[in-house]
Amino acid sequence: MRYPTRHYFSSALSISFLLGFLCCQSSSSSHDYLSQGSSLSVEYPNDFLSSPNGLFSAGFHQVGNNTYSFAVRFSEQLCAHACVVWMANRDQPVNGRHSKLSLTNNGDLILNDAGHSVVWSTNTVDTSSFLVSSRSRRNYSSGFYKLYFDNDNVLRLLFNGPEVSSVYWPSPGRANWRSGWLTYNDSRIACLDSFGNFSSSDGFKFMSADYGQEIPRRLRLDFDGNIRLYSLSGKKGEWTVSWQAMSRPCRIHGICGPNSLCRVNHTGRRCTCAPGHERVDRSDWSRGCKPIFNPDFCSNNTRVRFQKLARANFYGYYNLEFENYTFERCQRKCLEICSCKGFQFRFIEDKGYFNCYPKLRLVNGYRAAGDIHLKFPQDSQFSSIRPERSRLQCPAANNYELQRIYTRSNGDRLLKFLLIFALVIGGIETMAVLLVWLFVIRSRRDNGDDSKAYHLAATGFRRYTYAELKKATRNFREEIGRGAWGSVYKAVLPGERFGAVKRLMESNQGEAEFLAEVSTIGKLNHMNLIETWGYCAEGKHRLLVYDYMEHGSLADNLSNGKLDWRRRFDIAIGAARGLAYLHEECLEWVLHCDVKPQNILLDSKYQPKVADFGLSKLLNRDESKNSSFSRIRGTRGYMAPEWVYNLPITSKVDVYSYGKYYWRRSRDAIRREAYCTQILGEVSKRTED
């Protein structure tokens, strides 16, 4: 059997790797291809794909109790424990029933859970990471480490913890070119062949210890943050480590958590809490240790002392370095920085003096040359002997599963049954009470006057909520007009329609009365009346929604030179027709009471639209002669004499305001024409002289 000569890795590893499996046909058992429109089901153990050479398989891999992830793995004949190479939904496993992986007609792979929700697809693959570690040996969810190409296209190992993150390989303290990495490449490619030779586009290369043998190999970022190359031994049939990136495991960031030290001896790697600290979680060293004293040194009343920790260092998360310092000066420097946790005082051999390194965080601790002096409260006493220690790893061979059988008593079963029965009955009663309450509330609303008025108002335009109009006007930001009844704002309504929202002044008018008037306005329909689209009546808020007029009001266009005499004449006729409709043709007479240029709007074709009608007075025909108002309405300069002498208000007040405006415009035009004629006469006379 010949194995593939080269395995290529890139940021799109997962997609290209899967497309080599999925092509043409499918069945409910082991097969080579998956056709478009077919799927793999989690409920069938034999429903998986096999590579043509028999090295790999792809299918659902059990990661927990009735939880599965879609994975690519080595075949069982090469790896007895189903060595996983790649996993799709490692952080979101699916249920063991009704979940499936489908190949759509568009060529997309989609993983659906039991509720038919898309858990993973090839369109959502994270291509930023080269390799990702698992959380532990048995937990396949994403861990804290990843191998990726940075912005300089250099392969790096990153610790991405819950609180801090840092790059630890290659050493960030050395220049890339000193470590053999190139930063001027423009690609992100790495490859590993079956002979054990690895090379990447940034110039990094290595060969396995058993280089030259063409055997199956796999490069893996283990849960402890170290990259290892595994080779399959043909004689023993075991996977052995033939290369690893970090020969000093304590230099891996985050391996022992904050406030702890990592050390290595003949028994392996161990983690130890720093003096004055205790473990956060006794089952997880990555969470580190916490202080058993008050770590707030920024209080002016806090007196501190320093305790020496020989041959130790904490690396990372600080940029403070002071050269050629004495011990007393270094100690004072740490006292000046209230957030300083301690300092390292180390002799620099090639320079012949000591350097001072204040520590703002106690992370990534390890044994090194130099001493650490930790800061503690003055009244605290901690032993300098070695605190509790614990190994980070335990060999899998020493773990045994205990097979125990427990006999359950009938009393426990009866108690469980009664508990479930009580919960079910309680849930049913709660649902019944909730449904009755909702029914009563709805019945009360249906019987209210406001509900009746709402149905009366629903005669052709919709009812908006205040939140909808607030969003459409961007919190009433763009004001395009202001009148006697309130301000007008430009709005963008659903469907990308532009509208005008009039926010009426606060009044004591009830919702039922307001909706009755709105219902009457909704029945008015004329080409020279502005179209009403909807309304809002919530609490004290009263708003009307109108069609948006592109050219604004007539008052805005009188002095811009766009209205010739023919267009002005058409506007006057159109406005008169709109008022005549309100006074004579609708079922209920409507008085405007505020006819002025600001209330005559112009659309995109300069067609006039009368606005603000119906907000002053709605009259029945038999009440037109006895109409009365509690206060004067209208704008000074356009008001009819009836307002001053307290006479009955009829449609003549609108006719007067309309005529007053056009009489003024005509008078001003005649004056301008006479003035121009006079000027031309003067010019002609002086020219003759």
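Numbering (mature numbering (1 follows the signal peptide of the UniProt record, and there is no 0)), first residue to last: -28 to -1, 1 to 661. By construction, the Cβ of each residue, glycine as well, lies at the ideal position given by its N, Cα and C atoms. These numbers come from a predicted model, not from an experiment.
- The segment 76 to 90 and the segment 194 to 210 do not touch, with fewer than 3 CB-CB distances between them shorter than 8 Å.
- Remark: C-beta atoms of residue 508 and residue 436 approach each other more closely than 8 Å.
- If you draw a straight line from the Cα of residue 128 to the Cα of residue 154, it comes to about 12 Å.
- Residue 90 and residue 187 have their C-alpha atoms spaced approximately 38 Å apart.
- A distance below 8 Å separates the beta carbons of residue 529 and residue 574.
- Secondary structure at residue 59: strand, using DSSP grouped into helix, strand and coil.
- If one requires a minimum length of 4 residues, no alpha helix (DSSP H) run lies completely within the segment 304 to 359.
- The beta carbon of residue 535 sits closer than 7 Å to those of 529, all from its chain and outside the five residues before and after it, given in chain order.
- Spatial neighbours of residue 133 in its own chain (CB-CB distance under 7 Å, excluding positions within 5 residues in sequence) are listed in chain order as 116, 226.
- The segment 317 to 326 and the segment 246 to 261 do not touch, with fewer than three beta-carbon pairs separated by less than 8 Å.
- Only residues of its own chain outside the window of five on either side were considered, and among them 116, 133, 226, 227, 228, 229 have a CB closer than 8 Å to the CB of residue 258, listed in chain order.
- Under the three-state reduction of DSSP output, residue 35 falls in the strand class.
- As a beta-bridge residue in DSSP terms, residue 67 pairs with 39.
- Pairwise C-beta distances place the segment 620 to 628 in contact with the segment 551 to 564, as three or more of them are shorter than 8 Å.
- Non-local C-beta neighbours of residue 112 in its own chain, meaning closer than 7 Å and more than five positions away in sequence, comprise 35, 41, 56, 59, 62, 106, ordered along the chain.
- By the Cβ neighbour-count rule, residue 477 is exposed, with fewer than 16 other Cβ atoms within 10 Å of its own.
- By the neighbour-count criterion, in which a residue is buried when 16 or more other Cβ atoms sit within 10 angstroms of its Cβ, residue 392 is exposed.
- Straight through space, the alpha carbons of residue 131 and residue 70 are spaced by roughly 37 Å.
- By the beta-carbon neighbour count (other beta carbons within 10 angstroms, threshold 16), residue 313 is buried.
- Ranked by Cα distance from residue 5, the first of 31, 16, 630 is 31.
- Of 271, 278, 140, 455, the smallest CA-CA separation from residue 218 is found for 140.
- A direct Cα-to-Cα measurement between residue 564 and residue 547 gives close to 12 Å.
- Here residue 128 is bridged, per DSSP, to 120.
- In the DSSP assignment, residue 505 forms no beta bridge with any residue.
- Under the criterion of beta carbons closer than 8 Å, residue 29 and residue 47 qualify as touching, at roughly 5 Å.
- Across the structure, residue 519 and residue 576 are spaced so that their CA atoms are roughly 12 Å apart.
- Residue 315 has its alpha-carbon roughly 20 Å from the corresponding atom of residue 235.
- Below 8 Å, too few C-beta pairs join the segment 493 to 501 and the segment 452 to 472 to call them touching: fewer than three.
- Comparing alpha carbon positions, the residue from 580, 570, 567 closest to residue 545 is 580.
- For residue 549, same chain residues with a beta-carbon under 6 Å away, outside a window of 5 residues either side, are 500 in chain order.
- Listed as beta-bridge partners of residue 572 by DSSP are 582.
- Cβ-Cβ separation between residue 502 and residue 444: approximately 18 Å, too far for a contact (criterion under 8 Å).
- The segment 259 to 271 makes no contact with the segment 292 to 299: fewer than 3 CB pairs, one atom from each, lie closer than 8 Å.
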